[in-house]
Every structure is written in C-alpha cells, then in structure tokens.
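Chains as they are written, first to last, in the working numbering: chain A, 134 to 498; chain B, 134 to 498.
Worksheet for the structure shown next.
Protein chains: 2
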Amino acid sequence: MRYLDERQIKDIAIGSGVLGTGGGGNPYLGMLAAIQAIRKHGDLELYELDELPDDTLAVSPFAIGSPVPYIERVSLNDELMTAFTAMSRYFGREIGAIVSAEIGGVNSVVPLALARELGLPAIDADGMGRAYPEVDLCTFTLYGHGASPMAVADEHGNVTVIDTIDNRWVERIARPVAVEMGAIAGAVGFPITVGDLKRAAVVGTVSYAETIGRAIREAQAQHASPVDAVLNTTNGYLLFTGRIIDVQRRIERGWALGEVVIAGTDDDAGSEMVVQFQNEHLVALRDGVVMASVPDLIAILDAERGDPITTEELRYGFRVGVIAMPCDEKWRTPEGVALGGPRHFRYDIDYVPIEERMASAGTSR
Amino acid sequence: MRYLDERQIKDIAIGSGVLGTGGGGNPYLGMLAAIQAIRKHGDLELYELDELPDDTLAVSPFAIGSPVPYIERVSLNDELMTAFTAMSRYFGREIGAIVSAEIGGVNSVVPLALARELGLPAIDADGMGRAYPEVDLCTFTLYGHGASPMAVADEHGNVTVIDTIDNRWVERIARPVAVEMGAIAGAVGFPITVGDLKRAAVVGTVSYAETIGRAIREAQAQHASPVDAVLNTTNGYLLFTGRIIDVQRRIERGWALGEVVIAGTDDDAGSEMVVQFQNEHLVALRDGVVMASVPDLIAILDAERGDPITTEELRYGFRVGVIAMPCDEKWRTPEGVALGGPRHFRYDIDYVPIEERMASAGTSR
Numbered sequence: 134m135r136y137l138d139e140r141q142i143k144d145i146a147i148g149s150g151v152l153g154t155g156g157g158g159n160p161y162l163g164m165l166a167a168i169q170a171i172r173k174h175g176d177l178e179l180y181e182l183d184e185l186p187d188d189t190l191a192v193s194p195f196a197i198g199s200p201v202p203y204i205e206r207v208s209l210n211d212e213l214m215t216a217f218t219a220m221s222r223y224f225g226r227e228i229g230a231i232v233s234a235e236i237g238g239v240n241s242v243v244p245l246a247l248a249r250e251l252g253l254p255a256i257d258a259d260g261m262g263r264a265y266p267e268v269d270l271c272t273f274t275l276y277g278h279g280a281s282p283m284a285v286a287d288e289h290g291n292v293t294v295i296d297t298i299d300n301r302w303v304e305r306i307a308r309p310v311a312v313e314m315g316a317i318a319g320a321v322g323f324p325i326t327v328g329d330l331k332r333a334a335v336v337g338t339v340s341y342a343e344t345i346g347r348a349i350r351e352a353q354a355q356h357a358s359p360v361d362a363v364l365n366t367t368n369g370y371l372l373f374t375g376r377i378i379d380v381q382r383r384i385e386r387g388w389a390l391g392e393v394v395i396a397g398t399d400d401d402a403g404s405e406m407v408v409q410f411q412n413e414h415l416v417a418l419r420d421g422v423v424m425a426s427v428p429d430l431i432a433i434l435d436a437e438r439g440d441p442i443t444t445e446e447l448r449y450g451f452r453v454g455v456i457a458m459p460c461d462e463k464w465r466t467p468e469g470v471a472l473g474g475p476r477h478f479r480y481d482i483d484y485v486p487i488e489e490r491m492a493s494a495g496t497s498r
Numbered sequence: 134m135r136y137l138d139e140r141q142i143k144d145i146a147i148g149s150g151v152l153g154t155g156g157g158g159n160p161y162l163g164m165l166a167a168i169q170a171i172r173k174h175g176d177l178e179l180y181e182l183d184e185l186p187d188d189t190l191a192v193s194p195f196a197i198g199s200p201v202p203y204i205e206r207v208s209l210n211d212e213l214m215t216a217f218t219a220m221s222r223y224f225g226r227e228i229g230a231i232v233s234a235e236i237g238g239v240n241s242v243v244p245l246a247l248a249r250e251l252g253l254p255a256i257d258a259d260g261m262g263r264a265y266p267e268v269d270l271c272t273f274t275l276y277g278h279g280a281s282p283m284a285v286a287d288e289h290g291n292v293t294v295i296d297t298i299d300n301r302w303v304e305r306i307a308r309p310v311a312v313e314m315g316a317i318a319g320a321v322g323f324p325i326t327v328g329d330l331k332r333a334a335v336v337g338t339v340s341y342a343e344t345i346g347r348a349i350r351e352a353q354a355q356h357a358s359p360v361d362a363v364l365n366t367t368n369g370y371l372l373f374t375g376r377i378i379d380v381q382r383r384i385e386r387g388w389a390l391g392e393v394v395i396a397g398t399d400d401d402a403g404s405e406m407v408v409q410f411q412n413e414h415l416v417a418l419r420d421g422v423v424m425a426s427v428p429d430l431i432a433i434l435d436a437e438r439g440d441p442i443t444t445e446e447l448r449y450g451f452r453v454g455v456i457a458m459p460c461d462e463k464w465r466t467p468e469g470v471a472l473g474g475p476r477h478f479r480y481d482i483d484y485v486p487i488e489e490r491m492a493s494a495g496t497s498r
C-alpha cells in the first residue's frame, strides 16, 4: 500500500487523459473530486492486489454516457454514492475495495475519490488499460466476469439496478438509461474478487497513469519535449504532427461520434491525418492508409505542452501530435481482438499491432 | 374470498378488454396463462381488501411496452417471475398479495396468473379502473404512493430494478428499457399495503370486469344485443355505429400511436367518427366535435358480437360500435384530471364528464 497525495492525483489525471485516447471524459473534474476527498479525509490509500485478501469483493464506479455534457457538470459524487448504495442493497454482499473499470479519463480518478469517500482501499489495476466507449469492452468480460449487477444513477436520486445474462445486455440497457438520465450518469458495477482480478485485470495501471503524467510534468518543467516523454514512457510512436483543420462531431445513442482532420506540418507537411472516434479514438488514417487502430491506443496531444486533448476539446487550429501506444496483451488474443478490435466498430480491417505496422513501414521508435 | 374458475377467468378477460379502452394488450394470452395456472394449482383465490390484514404488502405485475409485438409472444410468465424475484430481492420486505395496477386488457389477467403461480392472494381492486399508456397514470400516484422500486424483465432473464424520486421518473426510465428489451417486457412494482389500497385503489374492479364479460357472454347466448348489455352494465353511452374505413398506426418510443376513422351506418349514416389513441383510446370526435375523452373510457366493440377490439386488431371494414363509459370518481378530481385528462396527452381541450356531454347533447342513456 502507498499513499497518494494531491500532486500524485494530478499526475494520474493527466496520465489517464493520455490513456483515455480522446474519451473517458476530461479527468480534470474527477481530479477535483479526488483532491476534495483527500483534503477532507486524508491521503488516499492505493493497494496492490497482493496486499488484499483474495476473497475481498471489489466494484467499479464510473461515469457512463457521452462526455460532451459532462464538461458542464460539477461532480458525479451524488450519482456514484446513490449507485453504490443501490448496488450494495441489491447485491447483498459486503464490498471491500474499489477498482477502476477503465483507466482512461475521468473514470481513472473518480474511483479514487469514491474509495476515499467510502474509506475503502483503491486498487492499482483496471479492466481495460485504456478507455472504451461500451461497458462490456473490458478485460473482465474476456475472463467471464459479469458487469452486473450494475447500478446507474442520476443527480436527482433516481437509480436503476441492471442484472443481465451477459455483459452486452448491460451495455444495451445501461446506454438508454444514461441517455434518459441526461446523457451522463454515475454507475457502479463489475463485482469481482481480488483473486479474480489477479487474472482478469490489467495490473498496475493507476501507477502507469501516474508515471505518464509525471513524465509530462517534468518535461514541461525542464523545457524538454513532453510528447517525447510520453513516447518514452509508453513505448509509443509518433504518428503525425500537424494542425487541426476540421472536426465533425455528433451525438448518437448517447455517444460522441465523429472525426478530426489534421493537416501535416514539419516532417508531415503535405499529408493529412484523419482520426475517427466513438467517444474514444478508433482508427488513425494517414492519407487514407490505416496507421493504427483499436485495441492499440491512439492519443492526440498538444504539440507544445504534451497535454492530452479529449475529443470534445478538439478545436480548429490546435497544433497537435498524434501518437499510438501498444495495448495490453490481453487485448491481443483472438478473443480480445474480437471484443475490442476494429471489426467490433464495423471497420472492415484486421487488427495489426502497432509495433508491426511501424516495423513494416520502416519506422523505428 | 371467493374462488375463480376457468369460465370466470374468461369473463374477466373479455370484460377487461372493454375496460382496456383499446389498449392494455389482448387479454387472450393472459387468460391462457391464468387458466394454465389454475389447471396446475387449482382455482384462484380472489380477496376483497377487508379480508386481508392492513399491513399486508401487495405488488402489481404488468406488461409494459407497445401491444403490437405482444400478439406474437406466448406468455409473460418468465418475465414476470424474473421481475418479481428481483423486486423482492431489492425491496427486502415480504410480499403478501398481488394487485393489478390496471384492470384493462392483459394487465387485469396477468396478475391473477402470477398470484396463482406464487400462491399469493389476488386482490379485487386495481390502480386505474381502466388502462392507461404510462406507468405513472395510476390512482396510486394521486395518493402519493410510489411506483418504485419497480423491476422490468425480459424473457432471456435480463432485469432492471428502477428506484426513483417520483412516478414520472419510473415511466421515463422504464419506457426505453422496455423498448430495448424488445418492445414489451414484464414489470413488477407499486409496492403498497392493503391499508393504503383501501384509500388509493379503485375497488372491486376484477369483479366489475367479470360482470361485463358475463353480460356479453349471456347476451351472445340469448341472441340479445351484447353492445346494449355492455352499456347497461357500465352506465355507458353508444357514441357511434359504423364501419372502419381507415386505420393509421405507428410505433413511437414504444407506444402504438394513431387513429381509426369510422364511417357512420344506421342512425349515424353520413357522419364520421375519429378515435385517436396512444395504446389506449384518448379522444373520440364526431365530424370534428369532441364526444368523449380521457379519463372517461372509450371502447370499440364488434357491432354484432360485442367483443372489445384492441387498437392493434382494428382493420378496414370491421363493423363496430363506439361506446363511452364514466371513469372512477378518483379521476374526476382536479388532480385526477391533471394526471390522466386530455391535456396530459397534449389536447387543448377541457375534460367534461361523459354524462354532462351527453346531457348537453340531448342524448339520454
């Protein structure tokens, strides 16, 4: 177990913005909630899986919906407490720890805040190693663990507990509920024991996000390149440098769908990159050629400061670097690619790991 | 307490078709489920409110969604058992009786079948004295009783428990859940004690439906007019006799919306009646003039046989009688009219009780 202070929470928030691959919501508000909880209750306790009994039951709190309206909302604290209470009431077993279902964006920091509020251990692991726009796209699903019962709550005190035969049904029901609740809602689900997390989770990802955030912070302080710092920390590749010339965005079934078009500068002058997203970035194309795809991570960073830019923050004129980072090995199995690969999102392309794409393109790190 | 046998169940099914005012689903399938339960477990026990302790907790099982696809479905038995189990698990109090939330259509008979399956008393009362297309349009709402926690389940075993701050929110969340579950789902909600039912329910409506159904059956056997038999039993008025010349029907947000146009015959030759519906009939207009509206009951009966016709069964060429029947007094209070009157359904007209409309039109029963 180690303690997390305010600076570490901020590093985690920035780093999980990178791992959020454009989605997962802006972690800034989740960070404020976590810092508020720390100021109220003292530093946060982050546990490794080995430090908790195997039969400890953990649940995952997260924001569900489209990130666009979330910018306007102050906190998900009420929603998450309502959801946690309803989930506990229905499930009827003692909940002993909090784990993140996705490390990307707000959903990496929100569980830390709730853990501190509830006085429960937060676990250094998550169920994706990135962010994904659908509830069932989770390594827990790959290992046969249920997302349900899952409670979804709004800020008024309305809550629904969803209990389904598989994780796809959780997604199918939770999505319209979140839309009806005002596009964004607080959810608590994925009950899983620490013993099962050892096999099914992506381990150490809270610390991984912190490492990325710290690398950006230190590079900024040292006037080094924060984009290079991210690439070094994540074994990532710089795909493209340029200036945003167009952003298309629409809300459909509660998701933010669209694409951003970037005109190349520097070494990429004369080329164009399109990054398509469904909350998260799915595919990056350079002059029409696929350069990277899910489940690998595609992030858009501010070219100067290295800060991650979420899809709802993308604006005409921004100077950006587009990077790709290898996903966790769990996503590279046939089952992982089937669940979270490009064909799940209706792209008629095969998944090729980013290292292979770069090697065949003659690009080295 | 009295026992209900198969013939009485059939009478209740036919009578609740009349009280269903075009909606509530075709009671035939619910009737089959109830008869099946009786054949398996013995005659059904129907209790008056005075025969049960005041602190007995009752819940209401019902079908929610649009009635159109329901014709294709065999039974709601699995859905309702799944919903009942989830509701009990979340609510955590012993459920001692079953009451109908609406007496119209399938939802009058389905609770009898579930009561028999569970071995619980069925209560001779309901929460509407008719059918309505929205969960919160219920006399229980008028008396401050919650529809939640309410469980909504599909035939696969998926279930959601909805717990809200008011009954309108139950409707808002349950509707898209039912749509996602395939347009029709089984629900169990409205936990209420027998003591509260004495004030908040419409009492004796299962027997009332049975009386209407028996009157139709006996008139058919005696070659008397079944339509007249319904009018005599319900203090109703014959609004129109004619032949269906057009039916418009569309599904929107899980409701069957539309209207039927009827060309007058007999005394009504040369006139035209339009009946507009949202699952249930809302307003009847003769040559553009409002003749009857919710909360009073508007039913369309087969002109010869007197059988009620649901909106999904309306077909070009049918010879029909359109009748109106007074609603329960609970709906005629200012609160009742606000909740279930024409303005709730966006009609810019005042509610006028059917007796007054008929008196001012010079029509007597």
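Cβ atoms here follow ideal geometry from the backbone N, Cα and C, with glycine treated the same way.
Worksheet item: If you draw a straight line from the C-alpha of glutamate 488(B) to the C-alpha of aspartate 399(B), how long is it?
Response: Going from the Cα of glutamate 488(B) to the Cα of aspartate 399(B) covers about 23 Å.
Fill in: arginine 382(B) - DSSP class collapsed to helix/strand/coil
Three-state DSSP puts arginine 382(B) in a strand.
Item to complete: Could you check what DSSP says for aspartate 420(A) in three-state terms: helix, strand or coil?
Response: Three-state DSSP puts aspartate 420(A) in coil, outside helix and strand.
Item to complete: Select from the region 221 to 252 of chain B all residues with a C-beta closer than 7 Å to any C-beta belonging to chain A, and list them in chain order.
Response: Close to chain A, meaning a Cβ-Cβ distance shorter than 7 Å, are the following residues of the region 221 to 252 of chain B: Arg222 and Tyr223.
Worksheet item: Can you tell me whether DSSP reads glutamate 413(B) as helix, strand or coil?
Response: Strand at glutamate 413(B).
Worksheet item: Thinking C-alpha only, which one of Val408(A), Ile298(A) and Cys460(A) is nearest isoleucine 378(A)?
Response: Taking only the C-alpha atoms, the option nearest isoleucine 378(A) is Val408(A).
Item to complete: Look up alanine 432(A) in the DSSP assignment and give the residues it is bridged to.
Response: Beta-bridge pairing links alanine 432(A) to Ile456(A).
Worksheet item: Looking only at DSSP bridge pairs, what is glutamate 405(A) linked to?
Response: Glutamate 405(A) is bridged by DSSP to Ala396(A).
Worksheet item: Any contact of the region 321 to 340 of chain A with the region 239 to 259 of chain A, i.e. 3+ C-beta pairs under 8 Å?
Response: Yes, the region 321 to 340 of chain A is in contact with the region 239 to 259 of chain A.
Worksheet item: Excluding the five sequence neighbours on either side, which residues of its own chain have a C-beta within less than 6 Å of the C-beta of serine 199(A), listed in chain order?
Response: So the qualifying residues of the chain are Ala316, Ile384, Gly387, Trp388 and Ala389.
Discussion item. Rounded to whole angstroms, what is the Cα-Cα separation between proline 186(B) and lysine 331(B)?
Written reply: Those two C-alpha atoms are separated by around 11 Å.
Discussion item. Across the region 339 to 356 of chain B and the region 425 to 433 of chain B, are there enough close Cβ pairs to call them in contact, namely three or more that are closer than 8 Å?
Written reply: Here the region 339 to 356 of chain B does not lie against the region 425 to 433 of chain B, with fewer than 3 beta-carbon pairs under 8 Å apart.
Discussion item. As an exercise, report each continuous beta strand (DSSP E) stretch of at least 3 residues that is fully enclosed by the region 166 to 190 of chain A, in chain order.
Written reply: List check, beta strand (DSSP E) in window: 177 to 180.
Fill in: Length of the line joining the Cα atoms of valine 393(B) and arginine 476(B)
So the alpha carbons of these two residues sit roughly 21 Å apart.
Worksheet item: Taking the alpha-carbon positions, what's the leucine 162(B) to glutamate 304(B) distance?
Response: Separation of leucine 162(B) and glutamate 304(B) (C-alpha to C-alpha, rounded to the nearest whole angstrom) is 24 Å.
Discussion item. Can you look up arginine 448(B) in the DSSP assignment and give me helix, strand or coil?
Written reply: Correct three-state label for arginine 448(B): coil.
Practice prompt. With 8 Å as the threshold, decide whether the Cβ of aspartate 211(A) is near any Cβ in chain B.
Written response: False, the Cβ-Cβ gap to chain B never drops below 8 Å.
Worksheet item: Going by alpha carbons, who is nearest to glutamate 267(B) out of Ala234(B), Ala286(B) and Val243(B)?
Response: Nearest neighbour of glutamate 267(B) by Cα position, chosen from Ala234(B), Ala286(B) and Val243(B), turns out to be Ala234(B).
Worksheet entry | Span of the alpha helix (DSSP H) around threonine 154(B) | According to the DSSP assignment, threonine 154(B) belongs to no alpha helix (DSSP H), since it is labelled neither H nor E.
Practice prompt. Please go through the same chain and pick out, in chain order, the residues whose beta-carbon is closer than 6 Å to the beta-carbon of methionine 134(B), but skip the five residues on each side of it.
Written response: Excluding sequence neighbours, methionine 134(B) sits near Glu178, Tyr180 and Glu184.
Discussion item. So, under 8 Å CB-CB, glycine 439(A) and proline 359(A) are touching, yes? Tell me the CB distance rounded to an integer number of Å.
Written reply: Rounded, the Cβ-Cβ distance is 2 Å, consistent with contact.
Worksheet item: Where aspartate 269(B) and alanine 219(A) are concerned, what is the direct C-alpha to C-alpha distance, given to the nearest angstrom?
Response: Cα to Cα, the separation comes out at about 22 Å.
Discussion item. For chain A, check one thing: does any of its Cβ atoms lie closer than 8 Å to the Cβ of tryptophan 388(B)?
Written reply: At a cut-off of 8 Å between C-beta atoms, tryptophan 388(B) does not count as an interface residue with respect to chain A.
Worksheet item: Helix or strand or just coil, what does DSSP make of isoleucine 228(B)?
Response: Looking at isoleucine 228(B) - three-state DSSP - the assignment turns out to be coil, as it is neither helix nor strand.
Practice prompt. Step through the CB atoms of chain B and report whether any lies within less than 8 Å of the CB of aspartate 269(A).
Written response: Judged by the 8 Å Cβ criterion, aspartate 269(A) is not in contact with chain B.
Fill in: Under 8 Å (Cβ pairs) to chain B, residues found in the region 291 to 307 of chain A
Sequence-ordered contacts of the region 291 to 307 of chain A with chain B read Asn291, Val292, Thr293, Val294, Ile295, Asp296, Thr297, Ile298, Trp302, Arg305 and Ile306 [C-beta pairs closer than 8 Å].
Worksheet item: For histidine 289(B), which residues in chain A fall below 7 Å Cβ to Cβ?
Response: By Cβ distance, chain A contributes Ile298.
Worksheet item: Counting only beta-carbon atoms, is alanine 362(A) nearer than 8 Å to chain B?
Response: Residue-level contact by beta carbon fails for alanine 362(A) and chain B, as no gap is shorter than 8 Å.
Worksheet item: For the alpha helix (DSSP H) that alanine 352(B) lies in, which residues bound it at each end?
Response: Start and end: 338 to 354.
Worksheet entry | Of the listed residues Ile442(A), Val151(A), Ile142(A) and Ile482(A), nearest to arginine 249(A) (C-alpha basis) | Of the candidates Ile442(A), Val151(A), Ile142(A) and Ile482(A), Ile142(A) places its Cα closest to the Cα of arginine 249(A).
Item to complete: Enumerate in chain order the residues of its own chain whose CB-to-CB distance from isoleucine 482(B) is below 7 Å, with the five nearest sequence positions on each side excluded.
Response: Closer than 7 Å at the Cβ level, and outside the excluded window around isoleucine 482(B), lie Val423, Ser426 and Pro475.
Fill in: Residue burial classification, glutamine 381(A) (beta-carbon count within 10 angstroms, cutoff 16)
By the neighbour-count rule (16 or more Cβ atoms within 10 Å), glutamine 381(A) is not buried but exposed.
Fill in: Reduced DSSP category for valine 207(B) - H, G, I as helix; E, B as strand; rest coil
For valine 207(B), the pLDDT reaches just 48, beneath the cut-off of 50, and the residue's location in the model is therefore unreliable, leaving the point undetermined.
Item to complete: Assuming arginine 448(B) and glutamate 437(B) form a contact by the criterion Cβ under 8 Å, report the distance between their Cβ atoms to the nearest whole angstrom.
Response: Wrong, their Cβ atoms sit about 15 Å apart, outside the cutoff.
Worksheet item: Under three-state DSSP, which class holds leucine 330(B)?
Response: Three-state result, leucine 330(B): helix.
Worksheet item: Helix or strand or just coil, what does DSSP make of valine 360(B)?
Response: Helix.
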